[in-house]
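Trainee: As you go down the protein sequences, you meet chains A and B in turn.
Counting from 1, one number per residue, gives the positions in the first sequence under our numbering.
Counting from 443, one number per residue, gives the positions in the second sequence under our numbering.
Quick one: the structure is below, questions incoming.
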Amino acid sequence: METERKWGTDFSEAWLGAQANLMQSWADAWLGFSKATEGAERAKESTRPWGTTGDIYNQWLNMCQEMFGEYWKGAPLGIDEQTFEKTPWGAQTYARLYEFWANAAKILSGTSPGGKGIPESYQEFCDFWLENYNELLRGFFTFPHLEPLRGLLGSAAELSQMYADVLSKFSGPWMEAMQGLPEKTAEALRKGPQGYADVHRWWLQAYEQTWGRVLRMTPLGLTRETSEMLQRGTESLIEHYAAMTDYSSAFYRVGTEAMQKVATKLGDMYNKGQAPKTYKEFYTLWWTTNEEALYELFKSPEFSRLLGRVVDATMRVRKRYDDIMEEYLKALPVPTRSEMNDLYKTLYLLKKEVRENTKQVRELEEKLRTTETALGKEESLKKEVRENTKQVRELEEKLRTTETALGKEESLKKEVRENTKQVRELEEKLRTTETALGKEES
Amino acid sequence: MRNPFVENTEQLMKEMTEANRKLLKLSDILMNLSDTDVGTTPKDLVYEEDRMRLFHYKPMMKTPCPVPMLVTYALVNRQYMLDLQQDRSLIRNLLSLGLDIYIIDWGYPGPADRYLTLDDYINGYMNRAVDIVRERSKLDKINLVGVCQGGTFSVIYAALYPEKLRNLVVMVTPVDFDTDDGLLHVWARDLPIDNMVDTLGVIPGDLMNVGFVMLKPFQLMVDKYVGLMENCDEKEVVENFVRMEKWIFDSPGQAGEAIRQFVNDLYKNNLLIKNKLKIGGQTVDLRRINMPLLNIFAEQDHLVPPSASKPLNDAVSSEDKSFFSLRGGHIGIYVSSQSQTELAPAVAEWITTRSQLPKKAVSGRNKKSESAKNQAT
């Protein structure tokens, strides 16, 4: 914490000192400017030399960039250079935009009072713009996953260097023998990006018919496999370069058109008395015009195909690069990507199988539980049946006993009935006898 | 040509002075940032499998909605966008309105995940997450809320397992991919995805970000940061900016086989809306979606244009289906003030009114156990 505080304090002091110096130089410049323009009519202000305020502004921007560039590097929060670059004082956009337009305006306004540039100045203006536009776009049109190749594929400018290297290594003698190349190159420079792309296509066509065939020649001998791999790598690099050239060319074209649109819009606004009053207003006009121009490019099927071609070519380079790397890594005791991919695939399939088996085991467990439940019920039923059978038997026994008892009862009853009958008969006889005796007595 | 901003020296001086002041202020704020956490609404981890994790947010009401909802986010970027900051959290709002919420965190695929397919994600992880929520809630059917690509997953899931879902809500979800309204749809047609997957395996998140930034390069790479300077006086604004910045560039890689099928079958061949998509050998027939459907889209969405989302309602057989549209773009649907004041209440009401259970409306399995319990007592 203490370190952080000290770091912040040191910076603040340095910053305040730098501000004081800047303000002093600004005040000096302002003083000089005021003297130079003293007595001038307001109407002539548009012809003011650019140097005075523009230089101060640039000085201020440079100071900001230097100061804050160093500042963020030492930040204890881990804020990196990118953080600084993303602020308007970063070198990439907001500040550079000011510099660019100040210089662009200088170039154009220096040509004629009406601002209509002569061809040479205009070319200078365009070159300046393209260089800056490329710088601006660099940040978001590179492929971060190709870190090892970033230097190779990062931007059109770097590609140009790469192209020159490839050229000198693989096709230098051929190029030297080519007649007319200097003229075509000069033409490309005159025409700008489009001309450059045209020359490139011409070159590629010639390459395909000559050196390209040599590079595709089937190698022989002990190093055949490695040679073939390197050949494929070079070939993919050339293809990638061709795609990137067309891709960059499309951006350059749009960039130039957008720049012209900004200038036209600005002119119209001036004529209508609606010129931007602040730098922010101008900046907004600038970025929205560029965004619209890029959107028009992006939504076209041609761009989509071009983008697809660039990505495809980039992937091929990457693939060849990986192949070459793997070839060299074979000698080292480390696993290669292909070997790891084999393991990953096995792992994936095993995991899937384990999951499937686990699922089946769970289903079987469920079935087992159901069966067990059913079995439990069966046992219970059997027990119940056994119990019932026992009870039935007992009841049958009781029934039999009862029946026997009943049988005896019936026999007794019969006997009783028989006896009763006999008693009644005897009683009848007795009565009859008594009656007869009575009569006799009487 | 005249220089438009140098002529007015006084104005320029003002701008420089103001810029100086803001730069120092921003420096001070960036050095003392303390509260830039994201996804802070309390939640419990209830299930995990490989990279996937299933969380359950702690309900904010004593008796929340009886039917829980499971949120499925995209594989691209992270699900905490729905809970980015306390005062702009769709999740927090929905909880406060009485919903019971689970959410899937897909995690960060590593090199070993390059072979994961859409089948693994939908029939595997997602289906198991749904089953976990069903088990925990003791319900046969739950509510499913899919967001962006997660919405497409949810639509596919709903067509495969309609018997497990009570309601379906999709937000900024592409279903009909044959549209020229979004650059992604245009570019995807020529994207050599096979070559990309064969070469890279897992497609790096940074590479995906290059594509997203390219959609609006000047706005996303230049003006956004200029805008930060404009508003850097307030610490809270900078903190919110940092949170959003974190989310934008916190991009997981994409499992190779899954994104291969997603681009080829959906973006290039548009099989989903044609009822011809196959997942794990099963044909995805959108007409099998018969549960109530709420389809939410953003009117100025440059990533998932309305023309890609709206056809869903005509493709399903649900009788109860409706749209909800928001002004603004793709990101605004999660964090805009309209999202907090209009979307959250609308979603909560829609779900709540369709999640009322009859008494004892518990799952078949649970019915039996309750019945057994009653017998025992």
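All residues carry an ideal CB built from backbone N, CA and C; glycine is no exception.
Here the structure is a predicted model, which means the values were calculated and not measured.
Nearest to L472 (chain B) by alpha carbon, out of B:A757, B:Y544, B:V679?
Mentor: Of B:A757, B:Y544, B:V679, the residue nearest in Cα terms is B:V679.
Trainee: Between B:V480, B:R495, B:T478, which lies nearest to I574 (chain B) when the distance is taken from Cα to Cα?
Mentor: Answer by Cα proximity: B:R495.
Trainee: Going by C-alpha to C-alpha distance, which of B:S579, B:P604, B:V705 sits closest to A630 (chain B)?
Mentor: It is B:V705.
Trainee: Between the Cα of E676 (chain B) and those of B:L532, B:R463, B:D632, spot the shortest distance and give me the residue it belongs to.
Mentor: Checked all of B:L532, B:R463, B:D632; the closest Cα to E676 (chain B) is B:R463.
Trainee: Looking only at DSSP bridge pairs, what is K846 (chain B) linked to?
Mentor: A query on residue 846 (chain B) cannot be resolved here, the shown segment of chain B reaching from 443 to 819 and no further.
Trainee: Whose CA, out of B:D620, B:Y567, B:I545, B:W792, lies closest to the CA of P734 (chain B)?
Mentor: Residue B:W792 is the option with its Cα nearest to P734 (chain B).
Trainee: Which term fits E699 (chain B), buried or exposed, when burial requires 16 or more other beta carbons within 10 angstroms of its beta carbon?
Mentor: That one is buried.
Trainee: Bridge partners of F765 (chain B), per DSSP?
Mentor: Answer by DSSP bridge pairing, in chain order: B:N737.
Trainee: If we require 4 or more residues per run, which alpha helix (DSSP H) segments fall completely within the stretch 560-609 of chain B?
Mentor: Taking only runs of at least 4 residues, the alpha helix (DSSP H) segments lying wholly in the stretch 560-609 of chain B are 569-579, 591-602.
Trainee: If you check the beta carbons only, do I584 (chain B) and P510 (chain B) fall under 8 Å apart?
Mentor: Going by C-beta atoms, I584 (chain B) is nearer than 8 Å to P510 (chain B).
Trainee: Looking only at its own chain, which residues have a Cβ that is under 7 Å from the Cβ of E327 (chain A), when we skip the five neighbours before and after it?
Mentor: T226, M229, listed in sequence order.
Trainee: K345 (chain A) versus chain B: which residues are under 7 Å apart at the beta carbon?
Mentor: By Cβ distance, chain B contributes Y557.
Trainee: Within 10 Å of its beta-carbon, does D312 (chain A) have 16 or more other beta-carbons around it, so buried, or fewer, so exposed?
Mentor: Buried.
Trainee: Starting from H240 (chain A), trace the alpha helix (DSSP H) both ways and give me its first and last residue.
Mentor: Per DSSP, H240 (chain A) belongs to the alpha helix (DSSP H) from 224-271.
Trainee: Give the straight-line distance between the Cα atoms of A258 (chain A) and E296 (chain A), rounded to the nearest whole angstrom.
Mentor: About 11 Å.
Trainee: When DSSP labels each residue in this structure, what does G51 (chain A) get in the three-state scheme?
Mentor: Low confidence applies to G51 (chain A): its pLDDT is 43, below 50, so where it sits in the model is not reliable, and the reading given next is rough at best. Looking at G51 (chain A) - three-state DSSP - the assignment turns out to be helix.
Trainee: Below 7 Å between beta carbons is the criterion; list the residues of the stretch 677-689 of chain B that meet it against any residue of chain A, in chain order.
Mentor: Here the close residues number zero.
Trainee: Going by C-alpha distance, which of B:Y567, B:P484, B:A601, B:L536 is nearest A758 (chain B)?
Mentor: Note on residue identity: the sequence assigns Val, not Ala, to residue 758 (chain B). Considering only alpha carbons, the answer is B:A601.
Trainee: DSSP puts M742 (chain B) in a beta bridge; with which residues?
Mentor: The residue asked about is misnamed: residue 742 (chain B) is Gln in this sequence, not Met. DSSP, once it has assigned bridges, lists no residue as partnering Q742 (chain B).
Trainee: In angstroms, rounded to a whole number, what distance separates the CA positions of K580 (chain B) and S476 (chain B)?
Mentor: About 42 Å.
Trainee: Can you name, in chain order, every residue of its own chain whose Cβ lies under 6 Å from the Cβ of P646 (chain B), other than the five neighbours on each side?
Mentor: Once the five neighbours on either side are set aside, the close Cβ partners of P646 (chain B) are G695.
Trainee: Below 8 Å CB to CB, which residues in the same chain sit around V416 (chain A) once its five sequence neighbours on both sides are set aside?
Mentor: Answer for V416 (chain A): no residue qualifies.
Trainee: Assuming contact is defined by CB atoms lying nearer than 8 Å, are V612 (chain B) and N737 (chain B) in contact in what I supplied?
Mentor: It is a contact, given that the beta carbons lie within the stated cut-off.
Trainee: Does R318 (chain A) get closer than 8 Å to chain B when you measure Cβ to Cβ?
Mentor: Interface residue, yes.
Trainee: Does M315 (chain A) come within less than 8 Å of chain B when only Cβ atoms are used?
Mentor: So, interface residue.
Trainee: Can you find a C-beta in chain B that's less than 8 Å from the C-beta of E225 (chain A)?
Mentor: No, because no Cβ of chain B sits closer than 8 Å to the Cβ of E225 (chain A).
Trainee: Given A740 (chain B), which residues of its chain have a CB within under 7 Å of its CB, disregarding the five upstream and five downstream residues?
Mentor: Only V614, L768, G770, G771, H772, G774, I775 meet the Cβ criterion.
Trainee: Here's a check: name, in chain order, each residue in its chain whose Cβ is nearer than 6 Å to the Cβ of G722 (chain B), leaving out the five neighbours to either side.
Mentor: Counting only Cβ-Cβ distances below 6 Å, and skipping sequence neighbours, we find D561, N565.
Trainee: By the DSSP assignment, the beta strand (DSSP E) with K718 (chain B) in it spans what residues?
Mentor: Where K718 (chain B) is concerned, there is no enclosing beta strand (DSSP E), given that its DSSP letter is neither H nor E.
Trainee: Is P634 (chain B) buried or exposed, if buried means 16 or more other CB atoms sit within 10 Å of its CB?
Mentor: Result: buried.
Trainee: Is R305 (chain A) close to chain B, meaning its C-beta is less than 8 Å from at least one C-beta of that chain?
Mentor: Yes, its Cβ sits closer than 8 Å to a Cβ of chain B.
Trainee: Identify which residue in B:V664, B:K606, B:V628, B:P787 has its Cα closest to the Cα of N732 (chain B).
Mentor: Minimum Cα distance to N732 (chain B) is reached at B:K606.
Trainee: If contacts are defined as beta-carbon pairs under 8 Å, then M638 (chain B) and M244 (chain A) qualify, I think. What distance do you get, rounded to the angstrom?
Mentor: 17 Å between Cβ atoms; not a contact.
Trainee: Could you compute how far the alpha carbon of L541 (chain B) sits from the alpha carbon of F282 (chain A)?
Mentor: Answer to the nearest angstrom: the Cα atoms are 48 Å apart.
Trainee: Report back the beta-carbon spacing between V478 (chain B) and E672 (chain B) to the nearest angstrom; my notes put them in contact at under 8 Å.
Mentor: Per the sequence shown, the amino acid found at residue 478 (chain B) is Thr instead of Val. T478 (chain B) to E672 (chain B), Cβ: 20 Å. No contact.
Trainee: Tell me where the beta strand (DSSP E) around E387 (chain B) begins and ends.
Mentor: For chain B, the structure presents residues 443 to 819; residue 387 (chain B) sits outside this window and is missing.
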